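From first to last, the protein sequence lines are chains A and B. Residue numbering for the first sequence is 318 to 436, as defined by the working numbering. Residue numbering for the second sequence is 17 to 529, as defined by the working numbering. Just so it is clear, CB atoms sit at the ideal spot from N, CA and C, and this is done for glycine as well. Being a predicted model, the structure only gives us computed values, none of them experimental. The structure appears below as structure tokens.
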Amino acid sequence: MAVNALYDYHGVPKDVEDNFHGNQLVYIGWDRHLMFCAPVCLPLPPDMPFGALVQEVLPGVYGSHPEWERIDWSGVEWTLEQQPFRPDMQQGLREQGIGHKSVIRFYAPGLDGIGGVAT
Amino acid sequence: MTSNKRMSLRERYQKFTRDLAWEPSYQARSDIYPQTDYEGIHIHDWDKWEDPFRLTVDAYWKYQAEKERKLYSIIDAFAQNNGQLNVTDARYVNALKLFLTGVSPLEYAAHRGFAMAGRQFSGVGPQVACQMQSIDELRHAQTQIHTISQYNKYFNGFHDWRHMHDRVWYLSVPKSFFDDAMTAGPFEFLTAISFSFEYVLTNLLFMPFMSGAAYNGDMATVTFGFSAQSDESRHMTLGLEVVKFLLEQDERNVPIVQKWIDKWFWRGYRLLGLVAMMMDYMLPKRVMSWKEAWEMYFEQNGGALFDDLARYGIRMPKYWEVTVKEKERLSHEVWSIFYNYDHAAAFHSWLPDESEMEWLSAKYPDSFDRYYRPRYDYWQSLVDHGERWYNNTLPMLCQTCQIPMAFTEPDDPTTICYRSSEYRGVKYHFCSDGCKDIFDDEPEKFVQAWLPVHQIYQGNCGGASVPEVLEWYHLRDGQDNKDYLYSPDRANWLRWKGQAGAGADAHRAAVGE
Chain A
318 MAVNALYDYH
328 GVPKDVEDNF
338 HGNQLVYIGW
348 DRHLMFCAPV
358 CLPLPPDMPF
368 GALVQEVLPG
378 VYGSHPEWER
388 IDWSGVEWTL
398 EQQPFRPDMQ
408 QGLREQGIGH
418 KSVIRFYAPG
428 LDGIGGVAT
Chain B
17 MTSNKRMSLR
27 ERYQKFTRDL
37 AWEPSYQARS
47 DIYPQTDYEG
57 IHIHDWDKWE
67 DPFRLTVDAY
77 WKYQAEKERK
87 LYSIIDAFAQ
97 NNGQLNVTDA
107 RYVNALKLFL
117 TGVSPLEYAA
127 HRGFAMAGRQ
137 FSGVGPQVAC
147 QMQSIDELRH
157 AQTQIHTISQ
167 YNKYFNGFHD
177 WRHMHDRVWY
187 LSVPKSFFDD
197 AMTAGPFEFL
207 TAISFSFEYV
217 LTNLLFMPFM
227 SGAAYNGDMA
237 TVTFGFSAQS
247 DESRHMTLGL
257 EVVKFLLEQD
267 ERNVPIVQKW
277 IDKWFWRGYR
287 LLGLVAMMMD
297 YMLPKRVMSW
307 KEAWEMYFEQ
317 NGGALFDDLA
327 RYGIRMPKYW
337 EVTVKEKERL
347 SHEVWSIFYN
357 YDHAAAFHSW
367 LPDESEMEWL
377 SAKYPDSFDR
387 YYRPRYDYWQ
397 SLVDHGERWY
407 NNTLPMLCQT
417 CQIPMAFTEP
427 DDPTTICYRS
437 SEYRGVKYHF
447 CSDGCKDIFD
457 DEPEKFVQAW
467 LPVHQIYQGN
477 CGGASVPEVL
487 EWYHLRDGQD
497 NKDYLYSPDR
507 ANWLRWKGQA
517 GAGADAHRAA
527 VGE
């Protein structure tokens with residue numbers, strides 16, 4: 318049994334996609350930039366193009382970091398669910414396998430945070 | 017009652033407890049105590065339960081009453097003498113805000129939990145032990161509320177602690193911890209709270225707050241601490257007794273108890289992250305570092321305890337090695353969470369000043385200067401320009417402990433630790449292997465977690481904007497939250513201490529005027 322209970326108990330998951338008003342949750346982390354203490358959680362339309370996420374959403378999240386402006390997006394290394402990933406900037410999130418509660422991480426080679434120590 | 021005089025202490029206790037052990041005549045025992053069996057624990061002889069309370073039961077009522085009288089007379093004197101002005105610095109008071117909103121409601125939850133657990137045991141020894149502890153916990157909740165109420169008259173953030181406990185994002189960490197224990201069976205509850213928390217970890221909760229109070233001139237809280245201390249040692253004894261009883265009754269209990277110890281050690285340790293940051297950052301006059309406390313109270317004392325329990329087949333809790341690796345960074349990572357999101361918190365954060373950074377550097381020679389000082393220096397440079405930095409995007413939370421995913425890989429303090437599981441087609445994420453294992457063992461329980469960030473996005477927390485959520489939390493923007501530097505608490509404190517001019521100058525400098 319998947320829970321220790323008096324009877325065959327099933328919990329109701331609190332965070333199914335239907336609860337987010339047409340959006341899906343996507344978690345994003347900028348590696349080696351721990352001034353942002355944790356990855357962020359964003360509710361995004363599943364058909365949002367990846368390019369819009371990068372150009373319109375992420376600047377509002379990470380733009381306050383002094384290294385943000387120096388990112389060379391052509392060289393950024395991405396992962397999706399901890400696996401190497403090559404995003405298609407034109408395609409929607411869902412179309413390229415980014416689903417509800419997916420985890421995206423990115424690392425810009427050469428940018429290792431303030432002082433080079435992951436801040 | 018004349019016969020009572022001739023009875024020994026033990027006999028009187030026997031009368032007080034064992035005589036409550038009725039043999040049911042027209043109901044099945046299993047109907048009266050339906051929760052005794054389902055956890056898989058086997059009990060053969062309830063009379064083997066040695067209640068540590070038996071030796072003190074006579075003096076209990078008298079001592080408790082005496083302690084109450086003493087406590088309330090000191091609280092009165094504290095109020096009359098404006099004792100709140102004698103603390104080292106108004107920043108200290110934020111540790112009390114954390115205590116009142118995060119810990120005192122757990123005392124009340126413990127009162128409920130022990131009452132419920134006691135009802136479910138079919139042996140009278142544990143029934144009485146749980147009932148007595150339930151009374152203690154209620155007293156602790158009440159006395160804490162009374163003691164700290166004096167501060168509510170002079171400082172912000174104390175006004176609606178009970179409401180906040182149910183709603184504010186980081187308070188879901190202690191709340192869900194106790195909810196998890198209370199929704200477990202009675203044996204798991206006792207292993208969780210009496211043993212894993214009260215016995216193994218309580219020194220790391222109680223000592224830092226009470227010694228912190230003593231070091232920082234907070235005589236009211238110190239007095240509460242003394243008043244609760246004798247109860248705490250009795251509760252600790254009960255915790256050890258419970259586990260030994262379970263282990264001695266049947267060897268089939270051993271793996272079950274071990275699993276609970278593994279789970280609740282990790283749950284408790286994650287909860288103590290809040291205490292770690294309190295010790296290293298929130299006490300103007302520090303007692304000891306989190307790292308030193310962990311070495312003394314867990315690595316040494318805990319190590320000896322688990323050596324003792326080895327004869328029952330019990331080993332150290334799973335992932336204890338990770339806690340040792342994390343001791344160099346735990347408090348810094350947690351303080352960073354609150355520096356990021358203090359605009360939605362019920363207490364103030366601040367940057368450590370130079371002398372505090374020297375202390376941190378001395379206590380954490382392998383990590384502080386290398387990883388954390390550069391971050392504080394950068395944030396300070398922003399403050400110097402009047403731009404105190406906040407994180408404006410809500411964080412990803414761990415499904416189990418509900419803390420923002422700020423913890424780093426056990427062997428790499430520069431990389432966030434990501435763990436995940438999939439259950440019934442949905443992804444779940446965790447801050448650590450410890451939290452992942454707990455979920456994987458009982459996913460049907462943890463899929464229901466009320467994660468504050470997800471709840472905000474679902475529209476269940478008053479609205480989508482920060483002001484709406486703050487209102488729903490009953491937090492007053494600009495008073496209860498944000499950096500201490502700009503707070504009314506600080507301005508008031510400087511005025512009371514006759515340093516108003518200096519304070520106003522610093523404030524103008526801080527906001528770049």
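- Interface annotation, THR430 (chain B): in contact with chain A, CB-CB separation under 7 Å.
- Under the 7 Å criterion on CB atoms, PRO356 (chain A) is classed as interfacial with respect to chain B.
- Against chain A, the CB of ASN356 (chain B) has a partner CB under 7 Å away; the residue lies at that interface.
- Within the same chain, no Cβ atom closer than 6 Å to the Cβ of ARG391 (chain B) is found once the five residues on either side in sequence are excluded.
- Under the 10 Å beta carbon count, VAL357 (chain A) is surrounded by 16 or more other beta carbons and is classified as buried.
- In this structure, DSSP gives GLU403 (chain B) a state outside helix and strand, which the three-state scheme calls coil.
- Relative to ASP332 (chain A), the option among B:PHE423, B:GLN415 and B:GLU484 whose CA is nearest is B:GLN415.
- Excluding five sequence positions before and after PRO40 (chain B), the CB atoms of its chain that fall closer than 7 Å to its own CB belong to ILE48, given in chain order.
- Contact of ARG411 (chain A) with chain B is not assigned, every C-beta pair being separated by 7 Å or more.
- The residue among B:LEU25, B:TRP509 and B:THR253 with its C-alpha nearest the C-alpha of PHE171 (chain B) is B:TRP509.
- Secondary structure at LYS301 (chain B): coil, using DSSP grouped into helix, strand and coil.
- Taken in chain order, the members of the region 402-415 of chain B whose beta-carbon sits within less than 8 Å of a beta-carbon on chain A are TRP405, ASN407, ASN408, THR409, LEU410, PRO411, MET412 and LEU413.
- Here ARG435 (chain B) carries a strand assignment [DSSP, helix/strand/coil].
- For ARG349 (chain A), the nearest beta carbon of chain B is closer than 7 Å to its own beta carbon.
- Every alpha helix (DSSP H) stretch that sits fully inside the region 92-176 of chain B and reaches 4 residues is listed by chain position as 109-114, 120-136 and 140-168.
- Under the 7 Å criterion on CB atoms, GLU460 (chain B) is classed as interfacial with respect to chain A.
- Sixteen is the threshold: when 16 or more other Cβ atoms of the shown chains lie within 10 Å of the Cβ of VAL140 (chain B), as they do, the residue is buried.
- Residue contact with chain B for THR436 (chain A): present (Cβ-Cβ distance below 7 Å to some residue of chain B).
- Among the CB atoms of chain B, one or more fall inside 7 Å of the CB of TYR344 (chain A).
- For ARG422 (chain A), the enclosing beta strand (DSSP E) covers residues 419-424.
- Taking a beta-carbon distance threshold of 7 Å, PRO363 (chain A) does not count as an interface residue toward chain B.
- GLN341 (chain A) sits in a strand when the DSSP states are folded into three classes.
- At least one CB atom of chain A sits nearer than 7 Å to the CB of ARG391 (chain B).
- Under the 7 Å criterion on CB atoms, PRO271 (chain B) is classed as non-interfacial with respect to chain A.
- Taking C-beta separations shorter than 8 Å and ignoring five residues to either side along the sequence, the partners of THR207 (chain B) in its chain run VAL258, VAL259, LEU262, VAL273, TRP276, ILE277 and TRP280, following chain order.
- Chain B has a Cβ within less than 7 Å of the Cβ of VAL320 (chain A).
- At a cut-off of 7 Å, the C-beta of TYR54 (chain B) has a neighbouring C-beta in chain A.
- Annotation: TYR380 (chain B) is outside any beta strand (DSSP E) and is labelled neither H nor E by DSSP.
- Assignment of GLY346 (chain A) by DSSP, reduced to helix, strand and coil, places it in the strand class.
- Contact of GLN43 (chain B) with chain A is not assigned, every C-beta pair being separated by 7 Å or more.
- Neighbours of GLN399 (chain A) in chain B, taken as residues whose beta carbon is under 9 Å from its own, are TYR434 and SER436 in chain order.
- About 23 Å separates the beta carbon of ALA355 (chain A) from that of PRO459 (chain B), a gap too long to meet the 8 Å contact definition.
- For PHE402 (chain A), no alpha helix (DSSP H) encloses it; the enclosing beta strand (DSSP E) starts and ends at 400-402.
- The Cβ atoms of TYR167 (chain B) and GLN96 (chain B) do not sit closer than 7 Å to each other.
- Under the three-state reduction of DSSP, GLU394 (chain A) is assigned to strand.
- Counting along the chain, the unbroken beta strand (DSSP E) around VAL442 (chain B) starts and ends at 442-446.
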